[in-house]
């Protein structure tokens, strides 16, 4: 690779560079200003994310690759980047009031959110294991720190340390898998691995299994899901919202890319494994969510269940089916909108260093804050998959793709699970609308309201009129299949 | 031929060990005599003429002293620490070139002449090797401090670790300028590159940083916080006695020799006698013994400098040491690299 | 001779790794890790990667492990507080060995399948030298190299965010 090509490649990764530079600016400016003025860092973060968003749109039109194929800047990556950036943008807006009322460090918080997003963006386009792993770690390390960000809270510190240790362990497993694949094939580029793939070589099988294990941990799917409730519950609620949508989507992005491009040689094997994982993940997540007494923990279990639904789509795209792929991608987008909304309401209702997490904390909001109650209701309906919300539409697409790909049983398990899930989502609404209030709710917070309004409208509007968000997913899935010339 | 090579290597290793250990012994004498001179005293002058047998007497005394291992000390580590200290110090000398080399037939034993390099191992990344080995020397000090089960030792060990890590950074940074100029990490090439001009002149800033850092790395005054007598008795070797103590002592002096030899190689033109002009046409392949003499002469001068500084400059306070390392030397090292590389790119290309 | 040395250092690195896990004394564990890193560096030399070997010692053994020791000394962990759970030790060790054996068996099959040709013959001239590593690092793998720096910045930022006192 000569210098002019390196230069060209550097220009091509504009969105990633924009975010990294923003992160560095936030980080450097933070110690230079004092007190109240630190709140203005919020605007720097938003501008940086917006620039990244705009630069990223270009990739939908002309996909290309950079650094001799290490990064594939195609529509697939662009679609996922859209999820990450919008998620980070809205999470940042939701965080503003929250971190100020919880008295957390402002500069480091925004910087870590942005760095984490840049790691996700590298991850979504990585086609080479070294960049993949580094993107994975940039994302993860930022999130480890963010989950332990509230130092005054023992549970937040516990979440941080748990996530760090368990995440480090899963990274090690992933790295071990990468090492085995490299040992077997002598290359770290996905396309060359696919070309050399030899299913009779045990190293490939072991490597694939280990890499898959690493990804399943990050997704939070069965059997590596036990960390999810503790960490989601302990972390500051805005961080939980951010990581439940961002990290999960990023892990799915790289799962899809590695499985379909690198390991299509043993498609049948991992498809069966993911079938079982998906079925168990949905069922366990939903059953455990029923018995929770904390909303935050319940949403954590629900996030496990949603990972299961998205995995249905992964299984359904077996053989490189466009419908299955686009349904996963759309599902993750929808999940971003509605889940960030749900956690956003919890963040909105937190006050003076105390988080809103039990059912008592939300009972009776209908009487005091009817608009918040309506937003909460819409997000819960959407998470349960009740029309006319984006959640319904996304779930419908996933199950439809499963049926079309002739995975009837998986679709049936999924639908049964959706029915179960309605119980605990609606229970939240019972508390919110039918009980007496037992706590004093915080006052009006203008910044958070902006984000919540956007999310509520998005959940409803995209449920009724998908507009071109669905077409975009199909186009992105198509570009992904084009990248490596799948059937 | 292979056996000749191995044999000559062994001879070289034995020679270096012998010379270095003797030199260390006499350095202690030199230190005492020079300090006496500086303080207007006489110093040890009774054992042999001018006291030149004093190191021998000291050695005998060390061997016959009682070897004390403190109660509840961690015995394996306690015994290992001084050895580790000394070994890492001596091994670093393996890649130092003191001259070019010469052809020999071993007094007619061989048919073809054999080229003997005046260096034990000519490693491609020789400079890195020295840095890597010396970076391990901190273990001896830290372990000695920790395993003694004494608070003074522990404090000394901690101070040593913190100080050596901090100054290793500026040490490495100051060398980068030389590497940029020489374009190689092989010590032979670096010396050869100084034929026209010693690097101490274009790299004056780097030389300064390197010199101060190596004073700190060798735990010599004004940076001998790890063994500061008024505060922590004798630091990490408070509890040591007999030969174990002697080994720590020898390690310290060997470090001085390594640091001096490295300074000569990197900044003071290695075996080139004057800052300009190389050997002025003298055929050093023929007079092969001239370069080592020049090299060793420079090393002696630097060793004298080490001793001179010790008896002239008072000790820093601990926070001053850390501040100097991180807030002065480190930025200076970075500045040196930036300026050097900018000049390399914009002026010479 | 080379293969004899290889086995010595390979055994030393494995033994060091095992001691890291099984030794009761944290300082001893840290030193065992140094042994492992050092032996691995020697193995790098057998692979003609002198630069990597030197860097391995300089960075891992010389800097990172010293920091570990430093921390362990500060914490001053007593051996008594780190009781090794010796229950069912033979069973645990047996299971471990069995897994290792199975894994080693399959790995050896796999590597035999992967490497039939002699890779050493096709090494470029500059392999293992500073220039060679530099070329590869700053041209072919520029992106991972830069990403690593981002990762380190993130890690430092995280440490500061968690460890610094006060909130403002």
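Chains as they are written, first to last, in my numbering: chain A, 171 to 657; chain B, 107 to 455; chain C, 1359 to 1526. We put the beta carbon where it would ideally sit given N, CA and C, even for glycine.
Suppose you measure from the CA of residue i to the CA of residue j; what does that come to, to the nearest Å?
| i | j | result |
| --- | --- | --- |
| residue 438/A | residue 652/A | 21 Å |
| residue 451/A | residue 465/A | 19 Å |
| residue 623/A | residue 521/A | 20 Å |
| residue 381/A | residue 345/A | 7 Å |
| residue 650/A | residue 1395/C | 41 Å |
| residue 247/A | residue 362/A | 20 Å |
| residue 1386/C | residue 182/B | 10 Å |
| residue 140/B | residue 158/B | 13 Å |
| residue 242/A | residue 220/A | 22 Å |
| residue 1520/C | residue 352/B | 44 Å |
| residue 575/A | residue 444/A | 15 Å |
| residue 704/A | residue 518/A | Examination of residue 704/A is not possible in this model, given that chain A is present from 171 through 657 alone. |
| residue 406/B | residue 303/B | 21 Å |
| residue 490/A | residue 1428/C | 53 Å |
| residue 378/A | residue 351/A | 8 Å |
| residue 504/A | residue 197/A | 31 Å |
| residue 263/B | residue 348/B | 20 Å |
| residue 112/B | residue 221/B | 13 Å |
| residue 668/A | residue 551/A | For chain A, the structure presents residues 171 to 657; residue 668/A sits outside this window and is missing. |
Taking DSSP as the reference, what is the three-state secondary structure of residue i?
| i | result |
| --- | --- |
| residue 132/B | helix |
| residue 436/A | helix |
| residue 528/A | strand |
| residue 464/A | strand |
| residue 1475/C | Caution is warranted here: a pLDDT of 49 is assigned to residue 1475/C, below 50, making its placement in the model unreliable, and no coordinate value can be reported. |
| residue 296/B | helix |
| residue 343/A | helix |
| residue 291/A | helix |
| residue 306/A | helix |
| residue 369/A | coil |
| residue 339/B | coil |
| residue 568/A | helix |
| residue 390/A | coil |
Starting from the Cα of residue i, find the closest Cα among the options and give me that residue.
| i | options | result |
| --- | --- | --- |
| residue 250/B | 186/B, 144/B, 368/B, 361/B | 186/B |
| residue 409/B | 370/B, 397/B, 319/B | 370/B |
| residue 280/A | 258/A, 574/A, 565/A, 355/A | 258/A |
| residue 329/B | 174/B, 348/B, 309/B, 358/B | 358/B |
| residue 560/A | 592/A, 570/A, 496/A, 640/A | 640/A |
| residue 554/A | 591/A, 503/A, 528/A, 566/A | 591/A |
| residue 533/A | 598/A, 298/A, 338/A | 598/A |
| residue 390/A | 467/A, 334/A, 357/A, 478/A | 478/A |
| residue 348/A | 297/A, 514/A, 188/A, 183/A | 297/A |
| residue 1375/C | 1512/C, 1469/C, 1393/C, 1382/C | 1393/C |
| residue 269/A | 288/A, 293/A, 211/A, 191/A | 211/A |
List the DSSP bridge partners of residue i.
| i | result |
| --- | --- |
| residue 576/A | Looking at the DSSP assignment, residue 576/A forms no beta bridge with any residue, so it has no partner. |
| residue 236/A | 241/A |
| residue 210/B | 220/B |
| residue 359/A | 298/A |
| residue 382/B | 303/B |
| residue 123/A | With chain A covering 171 to 657 only, the question about residue 123/A has no answer from this structure. |
Quick check on residue i: buried or exposed, where buried means 16 or more other Cβ atoms within 10 Å of its Cβ?
| i | result |
| --- | --- |
| residue 181/A | exposed |
| residue 659/A | One cannot answer for residue 659/A here, as it falls past the ends of chain A, which runs 171 to 657. |
| residue 1526/C | Note on residue 1526/C: pLDDT 44, under 50, position unreliable in the model; the coordinate value appears next. Classification of residue 1526/C: exposed, given that the 10 Å Cβ count is below 16. |
| residue 244/A | buried |
| residue 467/A | buried |
| residue 218/B | exposed |
| residue 1484/C | exposed |
| residue 1475/C | Confidence at residue 1475/C is low in this model, with a pLDDT of 49, below 50, so the placement of that residue should be treated as unreliable; the coordinate-derived value is given next. When all chains shown are included, residue 1475/C counts as exposed. |
| residue 395/A | buried |
| residue 377/B | buried |
Can you find a CB in chain F that lies within less than 8 Å of the CB of residue i?
| i | result |
| --- | --- |
| residue 1432/C | No chain F is part of this structure, whose protein chains are labelled A, B and C. |
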